[in-house]
Amino acid sequence: MTLPLLPGVSRDRTIGKEKFHKSQHWGFCNNVAMLVGENKPGVGGKPLLGQKLTPKYSVFPEGMGSDAPAWVAFDKQVLSFDAYFDEEVPDKNQELYRIRHCKIYFYLEDDTIQVVEPRVKNSGIPQGTIVRRHRIPLPPPFEDQFYTIDNFNINIEVTFYARKYKITDCDQFTKNFLRKMGVRLNPPASLPDDPYTQERQKILDSMTPFRPYERIDTLKQFLEHDGHVLRFFCVWDDPESMFHDPRELVLHYYLSDDTIDIKEIVPVNSGRDAVPLFLRRDKLPKHAPVGLYQPGTITDRTVLNVLGNLVGNKGRYIVDNRKTGAVHQEFYKDSDLKIGAVINVWGRKIILCDCDEFTKEYYRTKYGIEDFTPVPYKAPPPPKPERTFPPYNGFGSEEDSLCSCMGLILKPPAKDFKKFLEKDRIGMESNILRFLAKLVTDSPIDKDRKLIISYFLSDDTISVFEHVQRNSGIYGGKFLERGRIKKPGQELFKSEPSEYFKAQDLFVGARVCFHGHNFLLVDADEYTLSYMEKHEKEFSVADVGVILKKVKVITEPRSREIRQLFAATDPDHNKVIEYDAFRNLIVSITDGAFSDHEMMTLGRCYGVKDEYEMDLHYLLSVAQKQLKKNRFENFEQLTAVLLYSDREKRGVLPREMCRTICKSFKLPLADDDLQALLTMFEDDDKQVEYKKFVDGLNWRENPIPVFQTIKVNFYLSSEDDWTRQPPIFRVKEIKYLPLLDDLFGKEE
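Take 1 as the starting number for the sequence shown in the UniProt record's numbering and just add one per residue.
As structure tokens, this is what we get:
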């Protein structure tokens, strides 16, 4: 080991106030007490001209680098010396002196010294630290100074408190360090042996113990395999049993001490008493004895009576090294256990049939066994009989009647509470699908009746309300109570549960029958259409990808003809056609294979949207009215969050980010209205000017009166007011070229 150059260590190790030698003393000059002596320093503690002061700490040569103090440069660096000292023994005839070996440690950081004697077994001497770590003064007449690094070398004597220590050698680190300090090392000396210790060792080596004790070390096995247990699944065919049924057992082999315990698996209603253990934990002998051994027969050691009864009927016993007459027993080991083996458990033949994964891995690693095919020991269980229920009797609901057949304790039918929490009304999200329907009937009076079918996603219930029409002679209102509705054509009294209408069964153009009334769904509100398009995986009629695939399968062979048909419908070459013409083309091309809802989905996807559907002031007035009604006043906090999200401080943010922040504040606005407002405040780069947006919503500082009319003319149909919501902006024109490109690819 080579040491690097010593870092820049300060030459003077003195820290704090100046400490003076014992030779310095106080005296009187002109009746004034002052410090006098040969080592009296000058002004400021500096030596006088020609005066040489003895350094109080070790002086190290300057090196490369920063001028770090010694307690930093030599932290945790220790010089180790091998030494011994002679100790007189005046009170024993066997020895006159004793050689005691020790270690001398010199700590470079503060010149402290420690002497430690290694402990020797059965020495009878208190050993360990002989001299605790501290600075040791030099022997007289230099007791006012302390040992430094310059006082140490190999093959020299040092005196610590009147005891002489002979330094014989040191470690490699110490040698390298002393060489770098400029010390010329002496040749190492031999470490003498203690004569009394050698004499005792000769006596011990020549002696043969009369009672040799065998040491059986089980600690290693316990430490390596504590908690490791092999588990086998066994079977015992009890011949004395009345029905000769097999008894299932579980055998545990403990690797820590080679013991075994067995537990019995008692089947339910077997008629047998459940006992804690079939065999308690102990070593299991391979061969069961004919009779039980008497206490003391099996022991670890045997003894011999060498005198018999010759002397006063008293024997003389010694340990038998050859173990004459000892009873030897063989016990089951882990190597004796494997699948298919038959073991003898005190006269009972038990078959090992299977084991767990830990046991398989243990045998695979230790013994290289790969075949762990289980032994079948019982017939396969009979098939579970199919549970049949009696038919519905007509009392109560089917679910409630079915619960009375599930157990003796009657319980109400369980509800899907998770679905209720997810699909219940949350803020402005109603989670209700509304459709406009007409009665399918030949009656001229009922043909013009308009009904609203509401489907509640939280519990799959349906309610029907009839729109009030003046001078119709029909009293509007609730047409059908809210509840789950069965599909028609099912048997009433049957054991199988009935099928009910789901959300996927309702779409524009569908014909449904509710309790004998046939309805045709002719329209849906904007929320319903948007919800179905957002959850297109649940509603195939609102999935544009699925619809395009169906159209492509039908129209791909006639792609050129279909392009000509669309071009003929657009004589002005505006690249757009009316929605009615688009619908008629799809119906004629596909022969009516698509529902009205699927055609509306295509129209909404490829339709031309108006740039300004509603007046900004009208939207702001409606939004302020809604915010004021819900007492929303956190406009300053909303502005602060938007400003914090604007890292570049440009005053604009993406629309989706603004929408997410507004949702986090639980802004009481419908998602469609919020999207429309954010669109109104977008700049040319489609970025929302959030400060103007928040100022427009602030009904406290910038109130806007509610307009009674809408300035922009909307496309209103006769059914636009049936939902009692703002008018739905219908698709007027369709961009057919992107549709044809998605179906047949771009035309070359």
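Glycine included, every Cβ here is placed at the ideal spot set by N, Cα and C.
How is residue i classed by DSSP in three states: helix, strand or coil?
i      : result
His617 : helix
Ser463 : strand
Glu87  : strand
Pro654 : strand
Glu499 : coil
Lys691 : helix
Phe514 : strand
Thr168 : strand
Ser588 : helix
Asp75  : coil
Leu402 : helix
Ser206 : helix
Thr159 : strand
Ala542 : helix
Tyr107 : strand
Ile734 : strand
Phe714 : Since pLDDT at Phe714 reaches only 34, below the 50 mark, its modelled position is unreliable, and no value is offered.
Pro137 : strand
Asp596 : helix
Phe435 : strand
Please say whether residue j and residue i have beta carbons closer to each other than 7 angstroms?
i           : j      : result
Lys649      : Trp699 : no
Thr302      : Ala326 : yes
residue 757 : Ile734 : The structure shown does not extend to residue 757, since the chain spans only 1 to 748, so no value can be given for it.
residue 803 : Pro413 : As displayed, the chain neither begins before 1 nor continues past 748, which places residue 803 out of reach and without an answer.
Arg133      : Thr112 : yes
Glu264      : Phe278 : yes
Cys353      : Tyr377 : yes
Val688      : Leu653 : yes
Phe465      : Ile445 : no
Gly545      : Val731 : no
Val541      : Phe507 : yes
Lys384      : Phe331 : no
Val694      : Thr639 : yes
Arg281      : Thr259 : yes
Whose C-beta lies closer than 7 angstroms to the C-beta of residue i among residues of the same chain, with five residues either side of it excluded?
i      : result
Leu520 : Ala437, Lys438, Val440, Arg511
His225 : Leu255, Ser256
Thr555 : Ile562, Ile589, Leu743
Asp580 : none
Asn630 : Pro668
Val306 : Arg316, Ile318
Gly509 : Leu521, Ser595, Asp596, His597
Leu548 : Asp742, Leu743
Relative to the C-alpha of residue i, which residue among the options is closest?
i      : options                        : result
Gly407 : Phe389, Asp416, Cys355, Leu421 : Phe389
Pro705 : Gln626, Asp75, Val652          : Gln626
Ile474 : Val464, Asp448, Ser463, Lys486 : Asp448
Gly483 : His515, Asp671, His467, Gln504 : His515
Glu536 : Cys605, Gln469, Ala568, Leu585 : Cys605
Thr359 : Phe372, Arg163, Glu499         : Phe372
Thr528 : Leu191, His517, Leu548, Gln504 : Gln504
Phe681 : Glu633, His617, Asn702         : His617
Thr197 : Tyr161, Ser241, Arg100         : Arg100
Lys502 : Ser397, Ile485, Val229         : Ile485
Asp193 : Gly347, Lys549, Gln201         : Gln201
Gly368 : Pro374, Lys338, Trp346, Pro383 : Lys338
Glu633 : Cys658, Lys666, Tyr644         : Lys666
Pro140 : Leu79, Asp523, Arg163, Arg119  : Arg163
Ser241 : Leu674, Lys686, Arg348         : Arg348
Go through its chain and collect everything with a Cβ distance to residue i's Cβ below 6 angstroms, but skip five positions before and after it.
i      : result
Phe81  : Ile104, Ile167, Cys170
Ser559 : Phe744
Asp591 : none
Leu251 : Phe232, Cys234, Ile262
Asp424 : Ser458
Cys513 : Pro488
Ile577 : Thr569, Asp570, Ile734, Tyr736
His228 : Leu255
Ile432 : Ser454, Phe456
Might you give, ordered along the chain, the residues of its own chain that have their beta carbon closer than 8 angstroms to the beta carbon of residue i, omitting 5 neighbours on each side?
i      : result
Tyr165 : Ala83, Tyr84, Phe85, Cys102, Ile104, Val115, Glu157, Val158, Thr159
Lys575 : Lys735, Tyr736, Leu737
Quick check: is any heavy atom of the ligand ADP less than 6 angstroms from the C-beta of residue i?
i      : result
Pro376 : No copy of the ligand ADP appears in this structure; indeed no ligand is present at all.
Compare the C-beta of residue i with all C-beta atoms of chain D and state if any pair is closer than 7 angstroms.
i      : result
Phe465 : Checking the listed chains, one finds no chain D in this structure; it contains a single protein chain.
(message) List, from N- to C-terminal side, the beta strand (DSSP E) runs of 3 residues or more that fit wholly inside the UniProt domain "DM10" (226 to 367).
(response) Within the UniProt domain "DM10" (226 to 367), the complete beta strand (DSSP E) runs of at least 3 residues fall at 229 to 237, 246 to 254, 259 to 264, 279 to 282, 303 to 305, 317 to 319, 342 to 345, 348 to 355.
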